[in-house]
Amino acid sequence: MNRATLIAGVAGGLAAGALLAPATGTALGKLERARTAAAGARAAAHAPARAAVPLTAAGLRAPGGNEAAAAAALAQRVKRLAADGGVLVEQAARVPGGEGLVRLRLRLSGPDKAVVALADRIEREAPLLRFASWQVSALAGGGLRVEGEAVAAWR
């Protein structure tokens, strides 16, 4: 190896390094942004679940600290109101309600005026309980049957 070849090789290497420097800087910048995004995603994945936001005001929520307790309390309330009005509760069962909600499948029957009055009391009085779906059918002797699903917020 002579001196001219060595100088040409060093000069060529420096020229190639100078030409590749912008591309290397861009790649390193993209790598840094990708690492930052990955760290943010890991932090979000390991972060505690967000705080439960109340769906309704405290006075309108179903009593109980969870869905099962709220469903039991609401079923008891419906049965008490039905007994006061002379209406038969054929079914008061909990069905999946969603996050912060409790859902009851109700089947009520009795004299027409009493059933209508009971449905009105269920929806008007606190805690807030609304029929999401319902169906009314006539029974023999002037009676009614109301079947439906009622929804309330427990959180």
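Note that full-length UniProt numbering gives residue 86 to position 86 of the sequence shown, counting from 1, and the numbers run on in steps of one.
Yeah, the Cβ is synthetic: ideal placement off N, Cα and C, and Gly gets one too.
Which residues bound the alpha helix (DSSP H) around residue i?
i	result
R121	D112 to R124
E67	E67 to G85
May I have the straight-line CA-CA distance separating residue i from residue j, to the nearest angstrom?
i	j	result
G64	A75	12 Å
A72	A45	35 Å
G9	R3	10 Å
G85	R42	57 Å
G12	A23	18 Å
V95	A132	13 Å
V115	G100	28 Å
G141	L118	19 Å
Using a Cβ-Cβ cut-off of 7 Å (strictly less than) and excluding sequence neighbours within five positions of residue i, which residues of its own chain qualify?
i	result
Q91	R105, L106 and R107
R121	L81
E67	G97, V102 and W154
A62	A70, A73, L74, V102, P127, A152, A153 and W154
Chain B beta carbons: is any one of them nearer than 8 Å to that of residue i?
i	result
A27	As a matter of chain content, chain B is missing from the structure shown, which is built from one protein chain.
With respect to the beta strand (DSSP E) encompassing residue i, which residues constitute its N-terminal and C-terminal limits?
i	result
A152	G143 to A153
E90	L88 to V95
R61	First-last for R61: undefined, no H or E at that position.
A47	From DSSP, A47 is part of no beta strand (DSSP E); its letter is neither H nor E.
A132	R130 to L139
For the ligand GDP, any of its heavy atoms closer than 7 Å to the Cβ of residue i?
i	result
G9	Because no ligand of any kind appears in the structure shown, any question about the ligand GDP cannot be addressed here.
So residue i packs on residue j, CB below 8 Å; how close in whole Å?
i	j	result
P127	L81	The Cβ separation is near 12 Å, so there is no contact.
By Cβ distance below 6 Å, which residues in the same chain neighbour residue i in space, the five residues on each side in sequence not counted?
i	result
K113	none
From the DSSP output, which residues share a beta bridge with residue i?
i	result
L104	R94 and A150
Beta-carbon within less than 8 Å of residue i's beta-carbon, same chain only, minus the 5 sequence neighbours each way: which residues are those?
i	result
R130	E123, A150, V151 and A152
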